[in-house]
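What follows is a set of notes on a single structure, which appears directly below.
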Amino acid sequence: MNIHLFGIASILVIVSSLTMGTILFLKGRRDRRSVCFGMLCVFIAIFWGFGIFMSTLTKNEQYAVFWRRIANIGVFGAPVLYYHFVYLFLGLKDRIYRIMLVFVYILGGVLLILDLFFPQETFVGGFRFVFGQFYYADWFQYRSFIYLVSHICFYWFLLPAAFLLLLTRFKSSTGIFRNQLKYFILGSMLGWLGPFLMWLIEFRVDIYPYSQFFVVMYPVIITYGIVKYHMLDIRIVITRIGIFSGVYTLLLGIPVYIGYTSQQWGISAFLLVVFAGIGPFIYRYLQRKAEDVVFRRSRQYQKILRQSSEDMLKLQDIDTLFSTLCALIYTNVSPRYVGAYFFAENKYVLKTVEPSGIFLPEELELSNPFIEKLYNYDGRLLDEELDGIAVSLSLVIGDQNNPQGLLVVGEKEDKEMYSPEDVDTFKTLLNQVSLAIENIHHVKAMIEEQREKERLKKEMEMAKQIQQSLLPQRIPEVEGMELEGVLLPAREVAGDYYDFISLGSGKVGIVVADVSGKGLDSGMVMSMTKATLLPLSREQLTPRELIVKLNEFLLQQLQQQKFIALIYGEYTAINNTFTWAGAGQEHVIVYRVAQRNVEVIKTGGIVLGMFDDIRDNIYQQSLVLDKGDRLILYTDGVTEARDSNDEMFGRSRLVETIREISPFFSAKETLSYVMDKIHKHIGDAPQFDDITIVVLRKT
């Protein structure tokens with residue numbers, strides 16, 4: 058047998074390319090890009106790798122010519138498939154690229170016919186014995202013009218054109234995709250350098266074809282890029298291939314070893330049949346056990362998310378729905394962050410992000426490159442960047458034709474990638490969120506219509522009296538502090554509520570709440586909340602402990618028919634400190650007079666009256682006020698106040714309004730200035746939601 062270094066390199070080409078192709082076919086068969094690159098690997102392995110190995114194995118020139126014809130299928134088929142992969146990978150849409158793709162496939166087919174069925178002198182060319190080891194093509198014997206031009210077209214024009222497309226996209230790409238391109242380009246350059254150098258031998262430049270080892274290396278480099286930058290989820294494939302190889306190496310190796318050592322090949326054949334029969338059962342058993350170990354944690358949180366998905370339908374408020382969604386994923390999946398956007402006015406608006414401190418873009422227009430790419434990939438993206446922030450998974454809530462929101466999830470803390478099973482689980486959860494959004498809109502519309510028709514003057518008057526009695530009748534006097542509040546109901550009876558509680562010793566409690574719905578029942582809920590909160594505020598509880606206890610009472614009384622978004626805080630004059638905890642309420646805004654700076658602090662938390670144990674979802678925060686500083690608490694009726702063009706007042710406009718306030722304004726003047734801005738924005742448009750604002754000023 059004629060074994061030499063070139064032949065060994067060819068065997069390694071077969072092994073490395075077939076391994077890469079197998080992985081791609083097993084895991085990426087639904088992806089046209091994976092199928093195309095897998096076919097490229099198979100072409101290189103079977104036709105070039107095996108064909109050139111057999112061609113150089115023999116010392117018979119006619120055999121060498123036959124196997125070189127087989128190898129030429131890879132020589133001219135591989136560049137065609139490579140260009141096709143680049144076309145798919147980069148998502149090329151211009152008509153010229155498609156025409157070029159069709160042309161090279163036709164040209165490749167013509168060359169295949171010339172290679173296999175025409176005389177040797179027409180295309181394949183002559184052969185000579187080189188390096189004292191094997192026969193190799195010699196162009197000078199027949200000087201085939203067709204072969205020369207074909208090789209130049211494919212290797213000097215088509216491949217450089219593909220590389221130019223890759224390099225152009227690399228320059229403009231960012232983040233994960235840029236890193237994927239980096240390894241793909243490097244691996245491809247090495248892989249194609251191999252045949253470029255080997256072609257010199259055909260022109261009698263006798264450089265030993267060590268460059269065949271470059272062809273061996275390209276799958277290794279690209280596979281590294283796959284593992285490092287998640288170009289493909291191959292964890293499960295590697296697990297299955299490892300188990301398969303181990304099981305059948307053992308089961309089929311034992312009979313062969315027995316036959317070889319004892320020469321009892323009858324017994325060996327019998328054992329082969331038996332072991333071949335039981336092999337699949339052992340493989341499936343070990344596969345299940347291995348995957349249970351590998352995916353134990355992910356299957357646990359997948360089960361929790363699926364079980365919790367139906368609970369989303371119980372939520373009756375968009376803000377609550379999104380905050381609950383993010384809290385659920387952040388708690389169970391443990392990503393670095395999770396954010397949820399609501400689709401409104403032809404753009405995605407950030408509703409909530411867990412944990413606080415992660416600065417995602419507040420708004421995403423449909424023209425944003427991230428959104429455009431998301432839509433190109435059917436509303437699902439893995440491993441992308443959003444304004445410099447790595448996003449491991451992003452999914453559209455609803456669908457592209459009727460988007461309702463967007464979920465963006467960061468990398469898991471354990472750095473494991475999101476599997477297809479994870480994606481399916483998230484889709485199941487988001488389907489329920491989508492239904493919940495539709496239900497919220499539908500229920501809200503029905504409630505508004507019903508209340509408009511059934512509302513009675515007597516009931517409204519009664520509810521109005523109840524609400525008025527809930528509001529502070531006088532403002533507690535605390536040295537060094539001014540306090541003002543206002544509630545502007547959208548209807549006769551509001552769903553908002555605020556209160557000031559004198560706690561003695563220069564300490565005052567402040568409550569701002571938003572009860573779901575309006576009318577008499579909301580007034581009763583507010584009355585119940587105030588009656589419960591007052592005694593709790595005197596039990597020397599922290600704000601967080603008070604909210605947790607309040608939720609326990611409301612849960613029993615409301616039976617999940619109503620919920621309350623609330624913030625409770627305590628101002629202590631002795632150290633000028635405001636300490637608070639939130640339950641799904643709006644942000645806390647602080648105006649620092651000395652710096653003329655406005656701070657926006659997320660309250661966080663989860664609404665009251667819906668869930669049993671909320672201790673892990675309620676957070677307590679504190680801040681110190683300097684002289685002249687203002688603290689502003691408000692409900693979502695402020696930011697969602699709309700003008701006649703249906704444009705919301707928005708948190709950004711609220712912040713700018715506060716920044717305009719004179720440092721010499723009192724709390725009352727501050728409140729009056731903000732309310733005047735809101736009224737001017739609304740104009741003649743109807744008010745759809747209650748507006749509540751509380752201002753605390755350190756004097």
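One rule links them: number in my numbering = place in the sequence shown (from 1) + 57. Heads up, the beta-carbon is just placed ideally off N, CA and C, and yes, glycines get one too. Given the structure is predicted, the values throughout are model-derived calculations rather than measurements.
Per DSSP, cross-strand counterpart(s) of residue i
i: T749; result: L544
i: T634; result: T629 and V681
i: M274; result: Its beta-bridge partners do not exist; DSSP assigns none.
i: F399; result: V406 and G462
i: I658; result: V645
i: G639; result: I624
i: V448; result: E441
i: F184; result: A194
i: G455; result: P460
i: K715; result: The residue asked about is misnamed: residue 715 is Ile in this sequence, not Lys. According to DSSP, I715 bridges with nothing at all.
i: M705; result: R699
i: M538; result: K755
Where residue i falls: helix, strand or coil (DSSP)
i: S319; result: helix
i: V731; result: helix
i: Y475; result: coil
i: R437; result: strand
i: D195; result: strand
i: A742; result: coil
i: K239; result: helix
i: I65; result: helix
i: Y554; result: strand
i: L362; result: helix
i: I663; result: coil
i: Y342; result: helix
i: V568; result: strand
i: L421; result: strand
i: E367; result: helix
i: D290; result: Bear in mind that a pLDDT of 46 at D290, under 50, signals an unreliable position, so the number given afterwards is only what the model happens to contain. If DSSP states are grouped into helix, strand and coil, D290 belongs with coil.
i: P176; result: coil
i: L492; result: helix
Selected residue, minimal CA-CA separation from residue i, among the options
i: S365; options: Y342, T485 and L527; result: T485
i: S81; options: L69, V99, S67 and V70; result: The sequence given here places Leu at residue 81; Ser does not occur at that position. The candidate whose alpha carbon is nearest that of L81 is V99.
i: Q457; options: E420, G182, E429 and L362; result: E429
i: T749; options: S207, I567, I339 and L665; result: I567
i: L728; options: S719, V751, Y212 and F745; result: V751
i: I101; options: R126, R89, S91 and I71; result: I71
i: M474; options: L450, I624 and N496; result: L450
i: P136; options: F94, Q177 and G552; result: F94
i: I504; options: I532, D578 and L452; result: D578
i: E541; options: G336, S112 and S723; result: S723
i: S594; options: D686, D556, V712 and S229; result: D556
i: G445; options: L431, G316 and F427; result: F427
i: L421; options: H61, L463 and V395; result: L463
i: D553; options: E509, D746, Q618 and Q613; result: D746
Within 8 Å, strictly: CB atoms of residue i and residue j
i: P266; j: F63; result: yes
i: G537; j: A401; result: no
i: Q461; j: S424; result: no
i: V655; j: I646; result: yes
i: E643; j: Y676; result: no
i: S67; j: P276; result: no
i: P392; j: V480; result: no
i: N389; j: Y358; result: yes
i: G183; j: Y204; result: no
i: M667; j: Q489; result: no
i: G740; j: D700; result: yes
i: R261; j: F197; result: yes
i: T660; j: I624; result: yes
i: E259; j: A194; result: yes
i: I127; j: F110; result: no
i: S679; j: F620; result: no
i: P312; j: S325; result: yes
i: L607; j: L665; result: yes
Review point. Are three or more beta carbon pairs between the stretch 165–172 and the stretch 241–257 nearer than 8 Å?
Key: Output reads no: the stretch 241–257 does not touch the stretch 165–172.
**Study point:** the stretch 672–682 in contact with the stretch 594–604 per 3-pair CB rule at 8 Å
**Key:** The stretch 672–682, when compared against the stretch 594–604, does touch it at the 8 Å Cβ threshold.
Check your understanding: Looking at C-beta atoms only, is the number of pairs between the stretch 117–133 and the stretch 145–163 that lie closer than 8 Å three or more?
Key -> Short answer: they don't touch.
Review point. With contact counted as at least three CB pairs below 8 Å, one residue from each stretch, are the stretch 560–569 and the stretch 621–640 in contact?
Key: Verdict: yes, contact present.
Exercise for review: Assess, as a yes-or-no matter, whether the stretch 732–746 is touched by the stretch 691–709 under the definition of 3 or more beta carbon pairs within less than 8 Å.
Suggested key: The stretch 691–709 is in contact with the stretch 732–746.
Check your understanding: So, do the stretch 402–422 and the stretch 369–387 have three or more beta carbon pairs nearer to each other than 8 Å?
Key -> The answer is yes - the stretch 369–387 touches the stretch 402–422, with three or more Cβ pairs under 8 Å.
Check your understanding: Are the stretch 215–232 and the stretch 139–153 touching by the rule of at least three beta carbon pairs closer than 8 Å?
Key -> Because the criterion of three Cβ pairs below 8 Å is met, the stretch 215–232 and the stretch 139–153 touch.
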